[in-house]
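Shown next, in C-alpha cells, is the structure this report addresses.
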Amino acid sequence: MAQPRTADLIVMGIESTAHTLGVGIAEKKGNTFRITANAVDKVPHTRKGFVPRLLAEHHARVFKKTVAKALSESRKGIKDVQAIAFTQGPGIGNALKVGYTAAKSLSQFLDVPLLPVHHGIAHIEVGKWECGMKDPLVLYVSGGNTQILVLEGKRYRVIGETLDVGVGNFLDVFARDFGLDNAVDVMHYAKKGETLLELPYAIKGMNVNFTGLHNYCSAHYKPKIEKKTVRLEDLCFSVQETVFAILTEATERALLHAGKREVLACGGVACNVRLKEMLATMCRENHAKFGAASGEYNRDNGAMIALVGAKMLSAGKARSTGNMEPNQRMRPEAQEITWLK
Ligand code: FE2
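If you use this note's numbering, the sequence shown corresponds to residues 22 to 362, in order.
Structure (C-alpha cells):
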C-alpha cells in the first residue's frame, strides 16, 4: 500500500502583535501550501483597553500550551518543524518581544532557521491564499492599521493610509467615550440606527483620518445624546456608514489608479459585514473581483505567520541572520516578497 507523502516543508508561526498569542503550522507539499494548525489564546477586551505589560505576561504564560495545541492539531512533533517564523512588527513592543524571544529560543533549540514576518504582509498573504487571488489591491484594516497597498516589484507599497489612528482603534476609543465597551458594541448599536446624521467626511486623495470625526461627535452629539434629543443608535449607525464609505471611496480611487482587477480586504475590521458589503458593491460596479479572508484568518493568528514562513523557506532565500529585533513601527515595504517568481 502506498504511503502518504510527507510534507516537503513544515513551518511553525508565532504571532504576538497585540492581544493574541497565536501559534500556527503551515506545510508545503509539491506546489501546494496548506495550513494544518491555528491555535490562539486571546486576552479578553476590557473597558480600559490593554496594558502592554499584562499582554506580555499573558503571552509568556500561555506559550507552552498554545504550541502544544498547534502540534496536536497538525499531528506533528516539535522535531518535525523545519523553521520558526515570528511577527517582527508592527505592534505593541512588550507583546512582540515575548513572541520574538520564544521563537528565537525554539529555533536555537531545534537548530532551524528563524524567519521574521511583517504582520500586515501575513494578513495579505493568507487572504490571497484563501481567496485564490494573485495580485489584488489590498485594503488592510485593523485596530492599529489602516492602509491601502499594492504590489510593485517585490515590495508592497502603501499608496493610501490613515494620517492619524487605525480605524479599529478609532472605533474602540469612540465606543468608550460614549459608554460602550468596544468597536463590536458600536456595530451592534448601529444595527438599531435609523437616521443618518451629518458628520465630517475626511478624505485626502487616498489618505484618510478619523480624529476630527471623533472630536466632532464628542463636541456636537454627546450633549444631544445626554439630553436624549439624539439616539446613540443613530450616531453609531452614522459613524459606521460614514467611516466605511470613506474607506470604500479611498479603495475605489486606488483601484482605478492602480488598474488592478482584484480587491482584497484583510485585518480584523475586514470581518465587518457592512464594510464587506460596501466594498463588494464598489467592486461589482468596477468589474473587479472582491474577496476577504474568513474571520479565523482576518483576526490575529499564527497560521498566517507560518504560511509566510513556509513561502520564504520554499523560495530558498530565508534568512536567519541580520536584524531580527522586534520593530513596533515596521512598515510593509521593509519585507521583501522573496517567494514571488
Ligand atoms: Fe492583525
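A virtual CB, placed ideally from N, CA and C, is assigned to each residue, including glycine. This one's a predicted model, so the numbers in the text were calculated from it and none came from an experiment.
Using CA coordinates, which residue listed in the options is at the minimum distance from residue i?
i, options, result
"T108", "K97, A124 and A313", "A124"
"L277", "M299, R252 and H308", "H308"
"G323", "E317, G43 and D29", "G43"
"T38", "L285, N166 and D206", "N166"
"R202", "G70, A28, E346 and G51", "Inspection of the sequence shows that residue 202 is occupied by Asp rather than by Arg. Residue G70 is the option with its Cα nearest to D202."
"G189", "M208, I180, R178 and K310", "M208"
"F84", "V205, T41 and P73", "T41"
"K100", "F130, T122, H79 and I113", "F130"
"T87", "L117, E78 and G45", "G45"
"D185", "M154, R197, G330 and I224", "I224"
"P137", "M345, K362, T183 and R350", "M345"
"A116", "L361, W360, Y242 and Q349", "Q349"
"I145", "K249, E78, R176 and R197", "R176"
"L30", "K97, R68 and H66", "K97"
"V179", "M351, P221 and K362", "M351"
"A104", "H79, L135, A77 and G112", "L135"
"G312", "M299, A286, D198 and N293", "A286"
"N293", "D206, K332 and V251", "D206"
"G51", "L76, R295 and K332", "K332"
"A77", "C152, L253 and G112", "G112"
I need the DSSP call for residue i, collapsed to helix, strand or coil.
i, result
"Q356", "coil"
"K362", "coil"
"H140", "helix"
"T216", "coil"
"E346", "coil"
"V102", "coil"
"D62", "strand"
"M33", "strand"
"N307", "coil"
"N203", "coil"
"R176", "strand"
"H40", "coil"
"N236", "helix"
"Q24", "Residue confidence is low: Q24 scores 39 on pLDDT, short of 50, so the model does not pin down where it sits. No coordinate-derived value is stated."
"R55", "strand"
"N319", "helix"
"I326", "helix"
"K245", "helix"
"I258", "Just to set this straight, residue 258 is Phe in the shown sequence, not Ile. Here F258 sits in helix by DSSP."
"V162", "strand"
"T108", "strand"
"A336", "coil"
"G181", "strand"
"N228", "strand"
"M351", "coil"
Could you tell me whether the Cβ atoms of residue i and residue j are closer together than 8 Å?
i, j, result
"E36", "D255", "no"
"G226", "S259", "no"
"F54", "L328", "yes"
"G9", "N319", "The chain is shown from 22 up to 362; residue 9 falls before or after that span and cannot be answered."
"G141", "Q168", "yes"
"V119", "A143", "no"
"A211", "C257", "yes"
"P353", "Y121", "no"
"G110", "H139", "yes"
"K49", "S335", "yes"
"I358", "A106", "no"
"A314", "G148", "yes"
"E283", "D156", "yes"
"G330", "A47", "yes"
"L158", "A240", "no"
"M33", "V102", "yes"
"N228", "G280", "no"
"C238", "F191", "no"
"N236", "T183", "no"
"R252", "R68", "no"
Against chain C, with Cβ distances strictly below 8 Å, would residue i count as a contact?
i, result
"G114", "Structure shown: chain C not included; a single protein chain is present."
Does the contact criterion of 3 or more C-beta pairs under 8 Å hold for the region 257 to 276 versus the region 293 to 305?
yes
When the Cβ atoms of the region 157 to 177 are set against those of the region 258 to 265, are three or more pairs found closer than 8 Å?
no
Heavy atoms of ligand 1 versus C-beta positions, residues under 5 Å:
S163 and D321
Across the region 89 to 103 and the region 51 to 66, are there enough close Cβ pairs to call them in contact, namely three or more that are closer than 8 Å?
yes
Per the contact definition of three or more C-beta pairs closer than 8 Å, is the region 202 to 217 in contact with the region 168 to 177?
No, because fewer than three Cβ pairs between the region 168 to 177 and the region 202 to 217 fall closer than 8 Å, the two stretches do not touch.
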